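Only one structure is covered here, and it is reproduced in the block below.
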Amino acid sequence: MVTVGLQARLEAKPGKEKELEEFLRAQLSYALGEPATTAWFAIKLDAKTFVIYDFFADESGRQAHLDGEICKALVEDAAHLLASSPIIEKLTVLAAKLPSSGEVPDTLG
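Numbering (the working numbering) for the sequence shown: 407 to 515.
Right, here's the structure in full:
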């Protein structure tokens, strides 16, 4: 079950779009190594705008991710790759369907 998440919106510097895309693809290996990260997505919205979505069972999982390798790498490469600071927002999950959850609600209302 997931209860919290993060949304990080990233805008690439002109000419760094492909490099930012490659950077995000490379972060998947770190996400796979985070047991508290239930779901992780790197998404391309348009040629220069990207979003990372992460989801966790609880606040401790979210904090572990914020203290982890993906966030460290993003901070290190932000000035080189990003046109501005990432916009990071904490999310509260109201409902979710995950492929391996096997959870079936008693009611939908």
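Even glycine gets a Cβ: it sits at the ideal position worked out from N, Cα and C. Quantities reported herein were computed from a predicted structural model and do not represent experimental measurements.
Kindly indicate if chain D contains any beta-carbon less than 7 Å away from that of residue i.
{"i": "R468", "result": "Note that chain D does not occur in the displayed structure, where there is just one protein chain."}
Rounded to whole angstroms, what is the Cα-Cα separation between residue i and residue j?
{"i": "D464", "j": "K424", "result": "33 Å"}
{"i": "D452", "j": "P492", "result": "16 Å"}
{"i": "L488", "j": "Q433", "result": "16 Å"}
{"i": "I494", "j": "Y459", "result": "10 Å"}
{"i": "S506", "j": "A479", "result": "29 Å"}
{"i": "F368", "j": "A501", "result": "This structure gives no information on residue 368, because the portion of the chain shown stretches from 407 to 515."}
{"i": "G421", "j": "G439", "result": "30 Å"}
{"i": "R431", "j": "L497", "result": "22 Å"}
Find the nearest neighbour of residue i within the set the options, judged by alpha-carbon distance.
{"i": "A485", "options": "M407, T498, A418, H471", "result": "A418"}
{"i": "L412", "options": "C477, A489, L504, S435", "result": "C477"}
{"i": "K503", "options": "I458, T444, G467", "result": "T444"}
{"i": "K454", "options": "R415, D483, G467, V481", "result": "R415"}
{"i": "D483", "options": "L497, G421, F429", "result": "F429"}
For residue i, collect the residues of the same chain with a Cβ closer than 6 Å to its Cβ; drop the 5 residues on either side in sequence, then sort them by chain order.
{"i": "A470", "result": "A442"}
{"i": "F436", "result": "A small fix is needed here, since residue 436 is Tyr in this sequence, not Phe. Correct list, in chain order: E475, I476."}
Between which two residues does the beta strand (DSSP E) harbouring residue i extend?
{"i": "G467", "result": "Counting along the chain, G467 falls outside any beta strand (DSSP E), though it belongs to the alpha helix (DSSP H) covering 465 to 472."}
{"i": "T498", "result": "493 to 498"}
{"i": "L504", "result": "Segment: none, L504 is in no beta strand (DSSP E) and carries neither H nor E."}
{"i": "G421", "result": "First-last for G421: undefined, no H or E at that position."}
Assuming residue i is part of the alpha helix (DSSP H), what are its boundary residues?
{"i": "V481", "result": "475 to 487"}
Quick one: what's got a C-beta closer than 7 Å to residue i's C-beta in the same chain, skipping five residues either side?
{"i": "V499", "result": "V408, T409, V410, G411, F461"}
{"i": "K450", "result": "E427, F456"}
Which residues in the same chain as residue i place their Cβ atom closer than 8 Å to its Cβ, once the five residues preceding and following it in sequence are excluded?
{"i": "S490", "result": "E417"}
Next on the checklist: Please give the ranges of any beta strand (DSSP E) in the stretch 429 to 460, keeping only runs that are unbroken, at least 3 residues long and fully inside the region.
Outcome noted: Along the length of the stretch 429 to 460, whole beta strand (DSSP E) runs at least 3 residues long occupy 443 to 450, reported in chain order.
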